[in-house]
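Residue numbers for the sequence shown follow the numbering used here, beginning at 88 and rising by one. Working notes, structure below.
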Amino acid sequence: MRFLMQPRILFAILCLVWGTTWLALKTGAMNVPPALFSGTRWLAAGVILLVWHAARGGRVRLRPNVMGNLVLVALTMIALNQALMMYAMRYVGSGLAAVINSALTPIALLGFAIALGQERFSLRQALGIALGVAGLLLLFGPAALSGDLDLWELLGAVGVAAGCVSYCAGSVLARPLMHRVSPIEVAATTNVIGGAILLIGSLAFEPGSARALTGGWGTAALTAWIY
Numbered sequence: 088m089r090f091l092m093q094p095r096i097l098f099a100i101l102c103l104v105w106g107t108t109w110l111a112l113k114t115g116a117m118n119v120p121p122a123l124f125s126g127t128r129w130l131a132a133g134v135i136l137l138v139w140h141a142a143r144g145g146r147v148r149l150r151p152n153v154m155g156n157l158v159l160v161a162l163t164m165i166a167l168n169q170a171l172m173m174y175a176m177r178y179v180g181s182g183l184a185a186v187i188n189s190a191l192t193p194i195a196l197l198g199f200a201i202a203l204g205q206e207r208f209s210l211r212q213a214l215g216i217a218l219g220v221a222g223l224l225l226l227f228g229p230a231a232l233s234g235d236l237d238l239w240e241l242l243g244a245v246g247v248a249a250g251c252v253s254y255c256a257g258s259v260l261a262r263p264l265m266h267r268v269s270p271i272e273v274a275a276t277t278n279v280i281g282g283a284i285l286l287i288g289s290l291a292f293e294p295g296s297a298r299a300l301t302g303g304w305g306t307a308a309l310t311a312w313i314y
């Protein structure tokens, strides 16, 4: 057990789980209404966090002066991000989606942090952004110039990128909340709110969502949901 708790081992496990999560998202998006799949996952995750927090003697104190910010974070970081990402996953491979997300995340996080005055712009940061943009151009440039880039794949890639940007905006907006609300409360509450928004939106607009809510997903999709 001590071996598994070493920082390098934990980081390797984190990378493995993060990388394979995209396979689970792809499986879910192809077999279940995307917003329903994601909404139920996030809602369940939030409830589990709340129960775990309560079991450790914690309390969730949702003061009125932070609720608006929590809803905004849940909307951008979870609901909008997941709606865009899950539908986009129907048209792009899980590997490509993971690459776009990992390449764009530091750029978008830094951009929003600078815009909101949480970070100062520096030459090192400018070089980092330039490298990130160059990586994205290298990823899509050759196919775009040769005309081999499929339209639906392109739209899917744009959807993944838009979802990533929305997530980063929510992440930066969540930072000031950490000074007023504990991180576990922020995570649990935004998970529940974001999951509920996705679930309500799915039942209102996604064809077949009410039927899918009763089950019949299949082993692959159910395993992906649990994962």
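Ideal Cβ placement from N, Cα and C applies to all residues, glycine included.
Item to check | Inter-residue CB distance, residue 306 and residue 165 (contact presumed, cutoff 8 Å) | outcome: Reading the sequence shown from its first residue, position 219 is the one you call residue 306. Reading the sequence shown from its first residue, position 78 is the one you call residue 165. Actually they are not in contact, since the Cβ atoms of residue 306 and residue 165 sit about 26 Å apart, beyond 8 Å.
Checklist entry - Which residues in the same chain as residue 254 place their Cβ atom closer than 6 Å to its Cβ, once the five residues preceding and following it in sequence are excluded? => result In the sequence shown, residue 254 corresponds to position 167, counting from 1. If we look at residue 254 and ignore the five residues flanking it on each side, its Cβ neighbours are 164 and 168.
Next on the checklist: Under DSSP, the alpha helix (DSSP H) around residue 312 begins and ends at which residues?
Outcome noted: Mapped onto the sequence shown, residue 312 falls at position 225. That run of the alpha helix (DSSP H) goes 306-313.
Checklist entry - Considering only residues of the same chain and omitting the five flanking positions on each side of residue 126, which have a CB-CB separation below 6 Å? => result In the sequence shown, the residue the question calls residue 126 occupies position 39. Only 282, 285, 286 and 289 meet the Cβ criterion.
Checklist entry - According to the Cβ coordinates, are residue 178 and residue 243 closer than 8 Å? => result Walking along the sequence shown from the start, residue 178 turns up at place 91. Walking along the sequence shown from the start, residue 243 turns up at place 156. Cβ distance < 8 Å, so residue 178 and residue 243 count as in contact.
Item to check | Through-space distance from residue 314 to residue 181, alpha-carbon basis | outcome: Translated into the one-based positions of the sequence shown, residue 181 becomes position 94. Translated into the one-based positions of the sequence shown, residue 314 becomes position 227. Straight-line Cα distance between these residues: approximately 15 Å.
Checklist entry - In chain order, what residues of the same chain have a beta carbon less than 7 Å from the beta carbon of residue 292, not counting five sequence neighbours either side? => result As a working mapping, residue 292 is identified with position 205 in the sequence shown. Once the five neighbours on either side are set aside, residue 292 has no close Cβ partner at all.
Checklist entry - Taking the alpha-carbon positions, what's the residue 308 to residue 208 distance? => result By 1-based counting over the sequence shown, the position of residue 308 is 221. By 1-based counting over the sequence shown, the position of residue 208 is 121. The alpha-carbon atoms of residue 308 and residue 208 are separated by roughly 43 Å.
Checklist entry - Looking at C-alpha atoms only, which residue of 268, 175 and 154 is the closest neighbour of residue 239? => result As a first step, residue 239 must be located in the sequence shown, where it is residue number 152. Ranking the options by Cα distance to residue 239, first place goes to 175.
Next on the checklist: At the level of alpha carbons, what is the spacing between residue 221 and residue 191?
Outcome noted: For the purposes of this step, residue 221 is taken as residue 134 along the sequence shown, with counting starting at 1. For the purposes of this step, residue 191 is taken as residue 104 along the sequence shown, with counting starting at 1. So the two alpha carbons sit approximately 11 Å from each other.
Checklist entry - So, helix, strand or coil for residue 206, using DSSP? => result Translated into the one-based positions of the sequence shown, residue 206 becomes position 119. Here residue 206 sits in coil by DSSP.
Checklist entry - What distance in whole Å lies between the Cβ atoms of residue 271 and residue 145, which are believed to be in contact at a cut-off of 8 Å? => result Here residue 145 corresponds to residue number 58 of the sequence shown, with the count starting at 1. Here residue 271 corresponds to residue number 184 of the sequence shown, with the count starting at 1. The pair is a contact, with the Cβ atoms about 7 Å apart (cut-off 8 Å).
Checklist entry - Where does residue 121 fall in DSSP's three states? => result As a first step, residue 121 must be located in the sequence shown, where it is residue number 34. Three-state result, residue 121: helix.
Checklist entry - Going by the CB atoms, is the gap between residue 246 and residue 196 shorter than 8 Å? => result Here residue 196 refers to the residue found at position 109 of the sequence shown. Here residue 246 refers to the residue found at position 159 of the sequence shown. No, these two residues do not count as a Cβ contact at 8 Å.
Item to check | Spatial neighbours of residue 120 in its chain, beta-carbon cut-off 8 Å, leaving aside the 5 residues before and after | outcome: Counting from one through the sequence shown, the residue named residue 120 turns up at place 33. Correct list, in chain order: 289, 293, 294, 295, 296 and 299.
Checklist entry - For residue 157 versus residue 275, is the C-beta spacing smaller than 8 Å? => result Working through the sequence shown from its first residue, we reach residue 157 at position 70. Working through the sequence shown from its first residue, we reach residue 275 at position 188. Going by C-beta atoms, residue 157 is not nearer than 8 Å to residue 275.
Checklist entry - Contact check, residue 152 vs residue 304 under 8 Å by CB: the rounded distance? => result Here residue 152 is taken as the residue at index 65 of the sequence shown, counted from 1. Here residue 304 is taken as the residue at index 217 of the sequence shown, counted from 1. Not a contact, Cβ separation roughly 40 Å.
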